[in-house]
Amino acid sequence: MRNPHLLGARGMIHLFLGFFIALAVGLTGVGGGSFTVPALLLIVGLPAGEAVGTAFVFAGVLRLIAAPFYLLGRHVHSRYFRLLLQGAVPGLVLGMYALHSLAGHEGSPWVVISLGLLLAASSSVTFVPRIQNPNFTVRNAHWLPWLAFPIGVESGFSSAGAGALGTVLLLNYSEMTPPQVVGTDLVFGLVLAIIGSAVHWSFGSVSTEVLLQLLLGGVPGVVVGCLLTRRLPAHKLKAVVAVIAICAGLQLVWSGARTLVAERTQNTTTSIGKIRGSQPVVVLSPVVKPGLVAEGVCSDSDGHVIKGELRSHHVPAE
17 MRNPHLLGAR GMIHLFLGFF IALAVGLTGV GGGSFTVPAL LLIVGLPAGE
67 AVGTAFVFAG VLRLIAAPFY LLGRHVHSRY FRLLLQGAVP GLVLGMYALH
117 SLAGHEGSPW VVISLGLLLA ASSSVTFVPR IQNPNFTVRN AHWLPWLAFP
167 IGVESGFSSA GAGALGTVLL LNYSEMTPPQ VVGTDLVFGL VLAIIGSAVH
217 WSFGSVSTEV LLQLLLGGVP GVVVGCLLTR RLPAHKLKAV VAVIAICAGL
267 QLVWSGARTL VAERTQNTTT SIGKIRGSQP VVVLSPVVKP GLVAEGVCSD
317 SDGHVIKGEL RSHHVPAE
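Going by this note's numbering, the first residue of the sequence shown is number 17, and it counts up by one from there.
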């Protein structure tokens, strides 16, 4: 049976989100995780772990579709590809494990803030200029696995960064031409996305309904973007995508900070009754007008919160 919510009002919003995110990925080859995670957190309202897992699978499918367009007539440098994977794959697993461990605890606002900072930082490296020193790249290529490790950690924790960070790394630590960098980095990001998708799927941190809605818009979006990429200036488009991704990351930081402040304010202003034995202790307002209904909140000896309703009434004077 067709899911009635699949193409409802929210489903159509998710479909258009998928289309525009995929269009940006098709045009520039980057931005999948940097756009998808903030959208899933701020617009769709998914939990942090589920947002990253869903973004991983979505970005993996987009890269799989975009790969033939970007690899046509270009080459993947096998040596640098292997060097990147040697460092990035262990980091990827570590980053996903850290996210899975943190997302289930009370520190969810901190996870959102961390995601926002990582997304903004990884997007900002788009503006890092290439080192114009061939001797530097030849002498320091052996550092690639060590430098790829934090990229893997960042990608595992936020699903983003493999594209932008991998490109900057290859530009500065290899002698490859820009087309070779694009091809090698695209396949590198695709492998990370496949591994990350499998791990997140095993964790159960993928929203299949939201993923399907994103893909319904994303598949045509990435195809259109790839077809238009030869007619539009990719360098300028990448700068625009990076600026938008930085803003989205900062918005995540702001959202997480607001939630954190609200939670702390609520904790300091809310009085919770304590339990003596098996009877809850309820703290009442000294004056309650007759006929009004008030909500009472207390906790038992195990710390479980009990909510109740208190109705006021006239008490005849003795």
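Glycine is no exception: its CB is placed at the ideal position from the N, C-alpha and C atoms. Computed from a prediction, not measured in an experiment: that's the story for all the values here.
Would you call the CB atoms of LEU206 and GLY168 closer than 9 Å? What you label residue 206 is simply residue 190 of the sequence shown in a count that begins at 1. What you label residue 168 is simply residue 152 of the sequence shown in a count that begins at 1. Cβ atoms of LEU206 and GLY168: not closer than 9 Å.
Among TYR96, VAL53, VAL259 and ALA273, which one has its Cα closest to the Cα of PHE72? Counted from its first residue, the sequence shown places residue 72 at position 56. When only C-alpha atoms are compared, the closest one is VAL53.
For VAL238, report the span of its alpha helix (DSSP H) as first-last. Position 222 of the sequence shown, counted from the start, is the residue given in the question as residue 238. 224-244 is the extent of the alpha helix (DSSP H) around VAL238.
PRO194 lies in the alpha helix (DSSP H); which residues open and close that run? To locate residue 194, count along the sequence shown from 1; it is residue 178. 194-219 is the span of the alpha helix (DSSP H), which, as asked, contains PRO194.
Any idea what DSSP makes of GLY34, helix, strand or coil? Translated into the one-based positions of the sequence shown, residue 34 becomes position 18. Reduced to three states, the DSSP call for GLY34 is helix.
Using CA coordinates, which residue listed in ALA83, LYS254 and GLY27 is at the minimum distance from LEU181? Mapped onto the sequence shown, residue 181 falls at position 165. Here the closest residue by C-alpha is LYS254.
Measuring alpha carbon to alpha carbon, tell me which of LEU160, PRO166, PHE165 and GLU170 ends up nearest LEU186. As a first step, residue 186 is located in the sequence shown; it is residue number 170 there, counting from the start. Ranking the options by Cα distance to LEU186, first place goes to LEU160.
Leaving out the 5 sequence neighbours to the left and right, which residues in its chain are closer than 6 Å to PHE219 when beta-carbon positions are compared? The sequence position of residue 219 within the sequence shown is 203, counting from 1. The answer, listed in chain order, is HIS116.
Go to ALA191, then tell me how far its alpha helix (DSSP H) extends in each direction, as first and last residue. Translated into the one-based positions of the sequence shown, residue 191 becomes position 175. One detail in the question is off: residue 191 reads as Glu in this sequence, not Ala. Run containing GLU191: none; DSSP gives neither H nor E here.
Cβ of ALA137 within 9 Å of Cβ of GLY45? Along the sequence shown, one-based indexing puts residue 137 at 121. Along the sequence shown, one-based indexing puts residue 45 at 29. Against a cut-off of 9 Å, the Cβ pair of GLY45 and ALA137 comes out as no contact.
Nearest residue (CA-CA) to GLY24, options VAL238, GLN229 and LEU276: By one-based count along the sequence shown, residue 24 stands at place 8. Looking from the CA of GLY24, the closest CA among VAL238, GLN229 and LEU276 belongs to GLN229.
Which word fits LEU99, buried or exposed, when buried means at least 16 other C-beta atoms lie within 10 angstroms of its C-beta? For this step, residue 99 is matched to residue 83 along the sequence shown. So LEU99 counts as buried.
Can you tell which of PHE36, LEU56, LEU58 and PHE173 has its C-alpha closest to the C-alpha of HIS216? For the purposes of this step, residue 216 is identified with residue 200 of the sequence shown, where counting begins at 1. It is PHE173.
For GLY285, count neighbouring C-beta atoms within 10 Å of its own C-beta (all shown protein chains included) and say buried if the count is 16 or more, exposed if not. Taking the sequence shown and counting its residues from 1, one reaches residue 285 at position 269. Checking the displayed sequence, the identity of residue 285 turns out to be Thr instead of Gly. Counting of Cβ neighbours within 10 angstroms places THR285 among the exposed residues, the total staying below 16.
Option in LEU101, VAL68 and GLU66 with minimal Cα separation from ALA164: Within the sequence shown, residue 164 is the residue found at index 148, counting from 1. The option with the nearest alpha carbon to ALA164 is LEU101.
Compute the Euclidean distance between the alpha carbons of ILE262 and LEU135, then round it to the nearest angstrom. Translated into the one-based positions of the sequence shown, residue 262 becomes position 246. Translated into the one-based positions of the sequence shown, residue 135 becomes position 119. Going from the Cα of ILE262 to the Cα of LEU135 covers about 7 Å.
Roughly how many whole angstroms lie between the Cα atoms of PRO195 and ARG274? Position 179 of the sequence shown, counting from 1, holds the residue named residue 195. Position 258 of the sequence shown, counting from 1, holds the residue named residue 274. When only Cα atoms are considered, PRO195 and ARG274 end up about 43 Å apart.
How big is the Cα-Cα spacing for GLU122 and VAL269? Start at 1 with the first residue of the sequence shown, and residue 122 comes out as number 106. Start at 1 with the first residue of the sequence shown, and residue 269 comes out as number 253. Any answer about GLU122 is weak, because its pLDDT of 48 lies below 50 and its placement is not dependable; what the coordinates show is given next. C-alpha separation (whole angstroms): 17 Å.
Using 8 Å for Cβ pairs, my map puts GLY234 next to PHE35. What's the rounded Cβ distance? Translated into the one-based positions of the sequence shown, residue 234 becomes position 218. Translated into the one-based positions of the sequence shown, residue 35 becomes position 19. Yes, they are in contact, since the Cβ atoms of GLY234 and PHE35 sit about 6 Å apart, within 8 Å.
Within 9 Å (strictly less), CB to CB, does ILE262 reach chain B? The question asks about chain B, but that chain is absent: this structure has only one protein chain.
Own chain residues within Cβ distance below 8 Å of VAL203, not counting five before or after: Along the sequence shown, read from residue 1 onward, the residue named residue 203 stands at position 187. Cβ within range, chain order: ALA83, LEU87, VAL92 and PHE97.
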